[in-house]
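Just below is one structure, and these are the notes that go with it.
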Amino acid sequence: MVNHVEEIKERLNIVDLISEYLPLKKAGVNYKGLCPFHNEKTPSFTVSEQKQFFHCFGCAKGGDIFTFLQEIEGVEFAEALRMLASKAGVELTTVNPREHNERTRLLDCLSVAMEFFKNNLKNAPAGKIARTYLTQRQLSLDIQELFNLGYALESWDALLKFLKEQKFTQKEIERSGLIVRSEKNNSFYDRFRNRLMFPITNVYGNVIGFTARVLDENDKSAKYINTPQTEVYNKSRALYGLSLAKKYIQKMDAVVLVEGNIDVLTAHQAKLRNVVASSGTALTEEQVRLLKRYTQNIILAFDADTAGVKAAWRGMQIAIRAGMNIKILKLPNQQDPDDVIKKNPQQFLTLAKAAKPIMDYAFTVILKPLDLSQAFAKKKAAQELLPMIALFPDKLEQQHYLKQLAVFLEVDVAVLKDKITTLAQSSLKHPVKTGVIIKEKTEPSIQEKTEKIKLLERLLALLLAYPEGIEMAQVLYDGQELSGQEEELKILYKKIISLYNQDKSFPLEKMTFEGARLPQKIQQLQLIGEELYSHFDQAKLKKELVVLLRRIRRFCLQDQLKEVEKKFTLAEKNQDEQTITNLSQELRNLTEILRTLS
Numbered sequence: 001m002v003n004h005v006e007e008i009k010e011r012l013n014i015v016d017l018i019s020e021y022l023p024l025k026k027a028g029v030n031y032k033g034l035c036p037f038h039n040e041k042t043p044s045f046t047v048s049e050q051k052q053f054f055h056c057f058g059c060a061k062g063g064d065i066f067t068f069l070q071e072i073e074g075v076e077f078a079e080a081l082r083m084l085a086s087k088a089g090v091e092l093t094t095v096n097p098r099e100h101n102e103r104t105r106l107l108d109c110l111s112v113a114m115e116f117f118k119n120n121l122k123n124a125p126a127g128k129i130a131r132t133y134l135t136q137r138q139l140s141l142d143i144q145e146l147f148n149l150g151y152a153l154e155s156w157d158a159l160l161k162f163l164k165e166q167k168f169t170q171k172e173i174e175r176s177g178l179i180v181r182s183e184k185n186n187s188f189y190d191r192f193r194n195r196l197m198f199p200i201t202n203v204y205g206n207v208i209g210f211t212a213r214v215l216d217e218n219d220k221s222a223k224y225i226n227t228p229q230t231e232v233y234n235k236s237r238a239l240y241g242l243s244l245a246k247k248y249i250q251k252m253d254a255v256v257l258v259e260g261n262i263d264v265l266t267a268h269q270a271k272l273r274n275v276v277a278s279s280g281t282a283l284t285e286e287q288v289r290l291l292k293r294y295t296q297n298i299i300l301a302f303d304a305d306t307a308g309v310k311a312a313w314r315g316m317q318i319a320i321r322a323g324m325n326i327k328i329l330k331l332p333n334q335q336d337p338d339d340v341i342k343k344n345p346q347q348f349l350t351l352a353k354a355a356k357p358i359m360d361y362a363f364t365v366i367l368k369p370l371d372l373s374q375a376f377a378k379k380k381a382a383q384e385l386l387p388m389i390a391l392f393p394d395k396l397e398q399q400h401y402l403k404q405l406a407v408f409l410e411v412d413v414a415v416l417k418d419k420i421t422t423l424a425q426s427s428l429k430h431p432v433k434t435g436v437i438i439k440e441k442t443e444p445s446i447q448e449k450t451e452k453i454k455l456l457e458r459l460l461a462l463l464l465a466y467p468e469g470i471e472m473a474q475v476l477y478d479g480q481e482l483s484g485q486e487e488e489l490k491i492l493y494k495k496i497i498s499l500y501n502q503d504k505s506f507p508l509e510k511m512t513f514e515g516a517r518l519p520q521k522i523q524q525l526q527l528i529g530e531e532l533y534s535h536f537d538q539a540k541l542k543k544e545l546v547v548l549l550r551r552i553r554r555f556c557l558q559d560q561l562k563e564v565e566k567k568f569t570l571a572e573k574n575q576d577e578q579t580i581t582n583l584s585q586e587l588r589n590l591t592e593i594l595r596t597l598s
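Residues 1 to 598 in UniProt numbering are what the sequence shown spells out, letter by letter.
Rendered as structure tokens:
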């Protein structure tokens, strides 16, 4: 396993991997970008090509290519190993067969099904109905091949039989979402029949499911049906066309979001390649997170009517909360993107460039039918628009739109500020279930613990960059209070002090560890040190060291104080006078020390 890890690291560059998820810019010897793990306006996410490590100075996440993939994809190490091995061309020989097989077999089954559908579309006489439909939609053979379009035969078991011939079990086929169990006789039949098949892929291009369009206009069943949720497919986490569009989205720093799969095909055929589809659903938190890897800018293309604005808004709330910049592309005469692009691709490009920020568009559409000379109309406008403005996490954006609304309504902006403050307070007490995450107030102990870990990491990074400070550090702070999540940092702190005491030249290569985690942590800390302290002179480094040690000491004393207070409460409850006396003195001592550190 370790050999595989090292081989993969040798073959893959962390800068290339992370660049597939977010734009990185050269900053000195390192690269920087907006962190994909928390909302930020100023880049604090740093990637070291030399050390093959990343670290965010905002949320403190960091690690190597495996850590990054686990965090960004939400997978376990075994799955990250499999994904990166495939990317690096490394054959895994020691992966647990069960870990490998269960997911891989489902992906293989879906991939084989895709090839079956493709062959039906190209060669089966029954596939003529699908070929005719695609010709009518003016979709070329090249675009059909690029998106692996297919046709499901009008048969109850053609796919089931074929997949069994390919040595897939009935259970695997069922778990892939390709067959359905009959309620009448408990037998299985093909889920998709006489339909045009659109394979849905994950960001790596693996087939995870299908969207199927009805071809017989007399068919009364749903026009589109999707693979149900499976172990590999979750509709809320997929965007049609993203695996092909992602590099163009990143290059152009914008994504055009359309409703239908055909819109995506037509756009890509016209070489408008940063287009993806939400497949008729409002954007989900997971989809926004996917898009945010590649851009902060969403251009929404949909029918230009009031209902359309409101429907789009429901899906945009999550994106706005995530700090995305959203614009509306106004389509003429309530046409689909497919229609506009076919007639004139250049016009679609022009419309995209002229797209309005979503709030400007909302102002126009919502205020236009209202008689704003009437008090009731002003009230209605405020009721519609203020909840929208309240969603923006950036106060500057909120202020901008509040001032704009105040001008339209001819009211004092202070009145609107009061109303939006009331709205914000209400949403904290009664969060609206819109898919938007409203952050609850975090317990102070959790915040403090996170802050303490950040300070400890900065201390260790400083000592690695400035070994002369170790002498002072070991006198002022022994690290004994550290426990729990801080245990790893405690071990490193002691090892750093021990190495320095053995050899003042501080030969870091002689530091010994068990396992791979601590050496990786050292690399991460060195990256932090480079970013924070490379421009510090000796005097500034010494001053920073004193400040860090005082702050860490203060956090540790606060933790001790809380523990003593708990014991004191218990002693009072048990009426243990001697313990109460002892703890009272301990509380006074700790409080006095804390006062001197303030």
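Every residue gets a Cβ at the ideal spot worked out from N, C-alpha and C, and that includes glycine.
With residue i and residue j assumed to form a contact (beta carbons below 8 Å), what rounded beta-carbon distance in angstroms separates them?
| i | j | result |
| --- | --- | --- |
| cysteine 56 | serine 44 | 6 Å |
| isoleucine 18 | phenylalanine 54 | 6 Å |
| glycine 479 | tyrosine 493 | 5 Å |
| isoleucine 61 | threonine 46 | Note on residue identity: the sequence assigns lysine, not isoleucine, to residue 61. No, lysine 61 and threonine 46 are not in contact; Cβ-Cβ is about 11 Å, not under 8 Å. |
| leucine 34 | leucine 22 | 6 Å |
Does DSSP put residue i in a helix, in a strand, or in coil?
| i | result |
| --- | --- |
| residue 640 | Nothing can be reported for residue 640: it is not among the residues displayed for the chain, which extend from 1 to 598. |
| cysteine 56 | strand |
| tyrosine 151 | strand |
| alanine 362 | helix |
| isoleucine 299 | strand |
| leucine 196 | strand |
| tyrosine 189 | strand |
| residue 630 | This structure gives no information on residue 630, because the portion of the chain shown stretches from 1 to 598. |
| phenylalanine 68 | helix |
| lysine 167 | coil |
| arginine 550 | helix |
| residue 599 | In the structure displayed, the chain extends from 1 to 598; residue 599 sits before or after that span and is not available. |
| threonine 284 | coil |
| asparagine 325 | strand |
| alanine 539 | helix |
| alanine 222 | coil |
Mark residue i as exposed unless 16 or more other C-beta atoms lie within 10 angstroms of its C-beta, in which case mark it buried.
| i | result |
| --- | --- |
| glutamate 102 | exposed |
| valine 255 | buried |
| alanine 277 | buried |
| glutamate 530 | buried |
| serine 176 | buried |
| histidine 268 | buried |
| glutamate 259 | buried |
| aspartate 64 | buried |
| valine 432 | Here valine 432 scores only 39 on pLDDT, less than 50, and its place in the model should not be relied on; the value that follows carries that caveat. It is exposed - the Cβ of valine 432 has fewer than 16 other Cβ atoms within 10 Å. |
| leucine 476 | exposed |
| arginine 273 | buried |
| asparagine 206 | buried |
| alanine 362 | buried |
| aspartate 371 | exposed |
| leucine 570 | exposed |
| threonine 211 | buried |
| aspartate 253 | exposed |
| lysine 343 | exposed |
| valine 415 | exposed |
| glycine 89 | exposed |
So, are the CB atoms of residue i and residue j less than 8 Å apart?
| i | j | result |
| --- | --- | --- |
| leucine 463 | isoleucine 491 | no |
| isoleucine 318 | glutamate 285 | yes |
| alanine 80 | histidine 4 | no |
| leucine 106 | glutamate 172 | yes |
| leucine 257 | isoleucine 299 | yes |
| methionine 316 | leucine 367 | no |
| tyrosine 151 | leucine 121 | yes |
| lysine 9 | glutamine 526 | no |
| aspartate 157 | tyrosine 204 | no |
**Study point:** Segment contact, 8 Å Cβ cut-off, at least three pairs: the region 449-464 with the region 544-555
**Key:** yes
Review point. Looking at C-beta atoms only, is the number of pairs between the region 236-253 and the region 215-225 that lie closer than 8 Å three or more?
Key: no
Check your understanding: Is the region 130-143 in contact with the region 166-178, if contact means three or more CB pairs nearer than 8 Å?
Key -> no
Review point. Do the region 370-379 and the region 22-41 touch if we need at least three Cβ pairs shorter than 8 Å?
Key: no
Point to revise | Inter-stretch contact (C-beta, 8 Å, three-pair minimum) for the region 317-324 and the region 286-297 | key: yes
Review point. Can you find at least 3 beta carbon pairs, one from the region 238-251 and one from the region 185-195, that sit closer than 8 Å?
Key: no
Practice item. Spell out a yes or no on whether the region 327-334 and the region 356-363 are touching, meaning 3 or more CB-CB pairs, one atom from each, closer than 8 Å. Key: yes
Review point. Looking at C-beta atoms only, is the number of pairs between the region 135-151 and the region 65-85 that lie closer than 8 Å three or more?
Key: no
Check your understanding: Is the region 149-167 touching the region 108-121, taking contact as three or more C-beta pairs under 8 Å?
Key -> yes
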